[in-house]
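Asks:
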Amino acid sequence: MALLEIRNVTRRFGALEAVKDVSLAIEAGEFFTLLGPSGCGKTTILRMIAGFDEPGEGEILLDGKSLAGVPPEKRPLHTVFQSYALFPHMTVAGNIAFPLEMAGKSALEIRRRVGETLALVHLEDKAASFPHELSGGQKQRVALARGLVNQPRLLLLDEPLGALDAKLRVEMQIELIALQREVGITFVFVTHSQQEALALSHRIAVMRGGRVEQCDEPDQLYTQPANRFVADFVGKINLIEVAVTASSKVLLGLHASGLGEIAATDPRPLAVGEKGAFALRPELIRVHGHKESADLKNRFQGRVRELLYLGDVTLYKVELANGAVIEALMPNAAPGRAKFHEVGDAVWVCWRHDAGVFLRN
Amino acid sequence: MNSRFWLWAASLATYAFLYIPLAVVVIFSFNDSLLNAEWVGFTTRWYTKLLHDDDMLRAAANSLLIALASSSISTVLGAMAGLAMHRYRPRWLPLLVLTPVAMPEILLGVSLLLFFRQVLDLSLGLFSILVAHITFSIGFVAVIVRARLAGMDESIFEAARDLGASPWATFRRITLPLIMPALLAGFLMAFTLSIDDFVITFFVAGVGVNTLPLQIYSMIKVAVTPEVNAVSTLLMALTLTLILLASRFAPDLLKARQ
Numbered sequence: 002m003a004l005l006e007i008r009n010v011t012r013r014f015g016a017l018e019a020v021k022d023v024s025l026a027i028e029a030g031e032f033f034t035l036l037g038p039s040g041c042g043k044t045t046i047l048r049m050i051a052g053f054d055e056p057g058e059g060e061i062l063l064d065g066k067s068l069a070g071v072p073p074e075k076r077p078l079h080t081v082f083q084s085y086a087l088f089p090h091m092t093v094a095g096n097i098a099f100p101l102e103m104a105g106k107s108a109l110e111i112r113r114r115v116g117e118t119l120a121l122v123h124l125e126d127k128a129a130s131f132p133h134e135l136s137g138g139q140k141q142r143v144a145l146a147r148g149l150v151n152q153p154r155l156l157l158l159d160e161p162l163g164a165l166d167a168k169l170r171v172e173m174q175i176e177l178i179a180l181q182r183e184v185g186i187t188f189v190f191v192t193h194s195q196q197e198a199l200a201l202s203h204r205i206a207v208m209r210g211g212r213v214e215q216c217d218e219p220d221q222l223y224t225q226p227a228n229r230f231v232a233d234f235v236g237k238i239n240l241i242e243v244a245v246t247a248s249s250k251v252l253l254g255l256h257a258s259g260l261g262e263i264a265a266t267d268p269r270p271l272a273v274g275e276k277g278a279f280a281l282r283p284e285l286i287r288v289h290g291h292k293e294s295a296d297l298k299n300r301f302q303g304r305v306r307e308l309l310y311l312g313d314v315t316l317y318k319v320e321l322a323n324g325a326v327i328e329a330l331m332p333n334a335a336p337g338r339a340k341f342h343e344v345g346d347a348v349w350v351c352w353r354h355d356a357g358v359f360l361r362n
Numbered sequence: 008m009n010s011r012f013w014l015w016a017a018s019l020a021t022y023a024f025l026y027i028p029l030a031v032v033v034i035f036s037f038n039d040s041l042l043n044a045e046w047v048g049f050t051t052r053w054y055t056k057l058l059h060d061d062d063m064l065r066a067a068a069n070s071l072l073i074a075l076a077s078s079s080i081s082t083v084l085g086a087m088a089g090l091a092m093h094r095y096r097p098r099w100l101p102l103l104v105l106t107p108v109a110m111p112e113i114l115l116g117v118s119l120l121l122f123f124r125q126v127l128d129l130s131l132g133l134f135s136i137l138v139a140h141i142t143f144s145i146g147f148v149a150v151i152v153r154a155r156l157a158g159m160d161e162s163i164f165e166a167a168r169d170l171g172a173s174p175w176a177t178f179r180r181i182t183l184p185l186i187m188p189a190l191l192a193g194f195l196m197a198f199t200l201s202i203d204d205f206v207i208t209f210f211v212a213g214v215g216v217n218t219l220p221l222q223i224y225s226m227i228k229v230a231v232t233p234e235v236n237a238v239s240t241l242l243m244a245l246t247l248t249l250i251l252l253a254s255r256f257a258p259d260l261l262k263a264r265q
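Residue numbers (this note's numbering), protein chains in the order written: chain A, 2 to 362; chain B, 8 to 265.
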């Protein structure tokens, strides 16, 4: 049985359907992420799990028991808020002790657990500090400690890294993974950052317009996106409009107007003539100066329109014969790399026949 | 350069008009003469005389009692109004709470008098003064409390619930400590308003019960004696102290009232 189950939940605010018939099952010990652009309903789901909001239809079950009508303070789960929501009139230790006091723990146990949790987030020396004396990263850690100290069944995290600067965010991501592994508590994480979601999660539910578009493990999500939205939202991708010309058990023939035939793979039986998009990650495309060295199955001529040198990789924007612009990422440290291509160079772009995914319309 | 000079001159003249009369009252309260005409010598005998004036002492006791009671009650009610205005944001509540603040005092005085006498058939006295003072103080407390809440991160109250605190525990452990400065400021404000209110009190006091401002008024109908100067000086000092205290607890209070 799943730890947390969301069953056909719908939530309307007036005429707006913020969450539409969402069903999810989250297992114990999982790092589960709700990913989507703002307004996709992910925060509404989090608030319904926490108990600040109730589903209009459907139900949410924890350990198989419905949470309907259970007030937030009676739910064995805690939230880390985007703004941290630390109590400004209490010290760090006071903040962390709060949930234990509310749970009626003894003074002795509170002191021990606060000490342990402070050590867990490396803030032993800040116990007597007030929130306004802390840096953003330290506040973040106090909020985490306060959420974890009473060992909830579930920790909800609402864009907790959003307010940190880029460098600190990466550090906190690493800490967050280690922390979750160490405490073994189930995390439900809300973010709009696909990079954060991919880096942290065991599983990700990609949301749009109140619906779950795809729920999968990060690498599945990245390599096998279910539709154009997921393909485009999670990572960079090229979408080429195509029609199916041949479909056998595994091999798939596609035709891109003005470009030619594309060889691909797809286990699904697809009807000839079906239209869709061929989705191809930039890092799977090779750019070559000579036709002979472009020895992969799919090979098209083009011209370099733009290039961005990014240090580890170079991003090429190549205009193909049909006017479409395709993006390719070439590692700069590739062995036998002769030279960079310049803007205006005629080049060949190529990719393996199993490199991309056909997305039905 | 010239316009700067005139601006300074105008400002100085304004402050002179505001504060010289007050200064004169203070100075002449220490004047060893029955007449407020010329400086004769320093004395504190008018203050000593005050301490033996039974009418004055009774009025002062009334004023203090009413001020304490009305500011305590209006702090509680005003805090509730402020919390409600902040949390539920009803459109009509601010209007209801703030109207007595903006209403001309004479109007409020007359309408309260009519209400007490004609509608409730209440005999006028300490109780009617108390109710009247609560009426015009609630709005001030509510505004101060709401201003304090408006500057706060809303999610800390949700965080408290989320971490296991019941609504009451959230109020006691989080909300109350956080609005405490506003409550103190509101209390002091209400106290100040009550202790020196004249117009409304004049209408609802009835006969036989005097407050300090009413007592002063009845004395100056005869003559402005140095004793009036002395009691005015004391009242001024008290009010000023309370305002300064209040503005310490709510630093934006003085700004808001300008």
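C-beta atoms are modelled at their ideal positions from N, C-alpha and C, and glycine is treated no differently.
For residue 160 of chain B, which residues in chain A fall below 7 Å Cβ to Cβ?
Replies: 84, 86
Asks: Quick one: which unbroken alpha helix (DSSP H) runs of 4-plus residues sit fully inside the stretch 186-234 of chain A? Chain order, please.
Replies: 195-201, 219-224, 229-234
Asks: In angstroms with no decimal places, state the Cα-to-Cα distance between residue 69 of chain A and residue 24 of chain A.
Replies: 16 Å
Asks: Buried or exposed for residue 1 of chain A, going by 16 or more other Cβ atoms inside 10 Å?
Replies: Lying outside 2 to 362, the shown extent of chain A, residue 1 of chain A is not represented and no answer is given.
Asks: So, using beta-carbon positions, are residue 264 of chain A and residue 298 of chain A closer together than 8 Å?
Replies: Contact: yes.
Asks: Kindly confirm or deny that the stretch 134-149 of chain A and the stretch 51-59 of chain A touch, where touching means at least three C-beta pairs closer than 8 Å.
Replies: Touching, no.
Asks: What three-state label does DSSP hand residue 199 of chain B in the structure shown?
Replies: helix
Asks: With a threshold of 8 Å between beta carbons, is residue 172 of chain B in contact with chain A?
Replies: yes
Asks: Does the Cβ of residue 49 of chain B have 16 or more other Cβ atoms within 10 Å, making it buried, or fewer, making it exposed?
Replies: Residue 49 of chain B should be labelled exposed.
Asks: I want to see whether chain A comes within less than 8 Å of residue 212 of chain B, judged by CB atoms only; does it?
Replies: no
Asks: Please go through the same chain and pick out, in chain order, the residues whose beta-carbon is closer than 6 Å to the beta-carbon of residue 81 of chain B, but skip the five residues on each side of it.
Replies: Within the same chain, residue 81 of chain B has close Cβ partners 141, 144, 145, 148, 197.
Asks: Between which residues of its own chain and residue 76 of chain B is the CB-CB distance below 6 Å, once the five residues before and five after are set aside?
Replies: 137
Asks: Is the stretch 233-252 of chain B touching the stretch 104-114 of chain B, taking contact as three or more C-beta pairs under 8 Å?
Replies: no
Asks: Could you check the C-alpha separation between residue 262 of chain B and residue 152 of chain B for me, to the nearest Å?
Replies: Low local confidence applies: a pLDDT of 49 at residue 262 of chain B is under 50, so the model's placement there is unreliable, with the coordinate-based value given in what follows. When rounded, the distance between both Cα atoms is 15 Å.
Asks: Got a sec: does the ligand HEM put a non-hydrogen atom nearer than 7 Å to the Cβ of residue 163 of chain A?
Replies: Ligands are entirely absent from the displayed structure, and the ligand HEM is therefore not among its contents.
Asks: Which residues bound the alpha helix (DSSP H) around residue 24 of chain A?
Replies: Premise fails: residue 24 of chain A lies in the beta strand (DSSP E), 17-27, not in any alpha helix (DSSP H).
Asks: With distances taken Cα to Cα, identify the nearest neighbour of residue 261 of chain A among A:268, A:245, A:271, A:252.
Replies: A:245
Asks: Would residue 195 of chain B pass as a contact of residue 154 of chain B if the rule is Cβ separation under 8 Å?
Replies: no
Asks: Take the Cβ of residue 265 of chain B as the centre, count every other Cβ of all protein chains shown within 10 Å, and call the residue buried at 16 or more, exposed below.
Replies: In this predicted model, residue 265 of chain B has a pLDDT of only 31, less than 50, meaning its place in the structure is not dependable enough to derive any value.
Asks: Roughly how many angstroms separate the alpha carbons of residue 10 of chain B and residue 20 of chain B, rounded to a whole number?
Replies: 15 Å
Asks: Answer with buried or exposed for residue 100 of chain A, where buried requires no fewer than 16 other C-beta atoms within 10 angstroms of its C-beta.
Replies: buried
Asks: The beta strand (DSSP E) with residue 45 of chain B in it runs from where to where?
Replies: Here residue 45 of chain B belongs to no beta strand (DSSP E), and DSSP marks it neither H nor E.
Asks: Which whole-angstrom value describes the C-beta separation of residue 342 of chain A and residue 273 of chain A, a residue pair presumed to lie in contact below a C-beta threshold of 8 Å?
Replies: Contact flag wrong, Cβ pair sits at about 37 Å.
Asks: In chain A, which residues lie with their C-beta within 7 Å of the C-beta of residue 184 of chain B?
Replies: 90
Asks: With C-beta atoms as the reference, is residue 200 of chain B less than 8 Å away from residue 103 of chain A?
Replies: no
Asks: Could you tell me the distance, in whole angstroms, from the CA atom of residue 31 of chain A to the CA atom of residue 83 of chain B?
Replies: 48 Å
Asks: To the nearest angstrom, how far is it from the Cα of residue 12 of chain A to the Cα of residue 91 of chain A?
Replies: 35 Å
Asks: Keeping to the same chain, check which residues put their C-beta closer than 6 Å to that of residue 6 of chain A; ignore five residues upstream and five downstream.
Replies: 26, 62
Asks: Report buried or exposed for residue 195 of chain A, applying the criterion of at least 16 other Cβ atoms within 10 angstroms of its Cβ.
Replies: Around the C-beta of residue 195 of chain A, 16 or more other C-beta atoms lie within 10 Å, and the residue is accordingly described as buried.
Asks: Any contact of the stretch 171-180 of chain B with the stretch 53-67 of chain B, i.e. 3+ C-beta pairs under 8 Å?
Replies: no
Asks: Of all the options A:317, A:310, A:321, A:191, which has the alpha carbon lying nearest to the alpha carbon of residue 257 of chain A?
Replies: Closest by alpha carbon: A:321.
Asks: According to a CB-to-CB cut-off of less than 8 Å, which residues of the stretch 185-219 of chain B neighbour chain A?
Replies: 185
Asks: Does residue 165 of chain B have its Cβ less than 8 Å from a Cβ in chain A?
Replies: yes
Asks: First and last residue of the alpha helix (DSSP H) that includes residue 111 of chain B?
Replies: Premise fails: residue 111 of chain B is in no alpha helix (DSSP H) and is neither H nor E.
Asks: Can you list the residues of chain A that residue 176 of chain B reaches, using a CB-CB cut of under 7 Å?
Replies: Annotation: Cβ neighbours of residue 176 of chain B in chain A (cutoff 7 Å, chain order): 103.
Asks: Contact between the stretch 201-213 of chain A and the stretch 14-23 of chain A: three or more CB pairs below 8 Å?
Replies: Yes, the stretch 201-213 of chain A is in contact with the stretch 14-23 of chain A.
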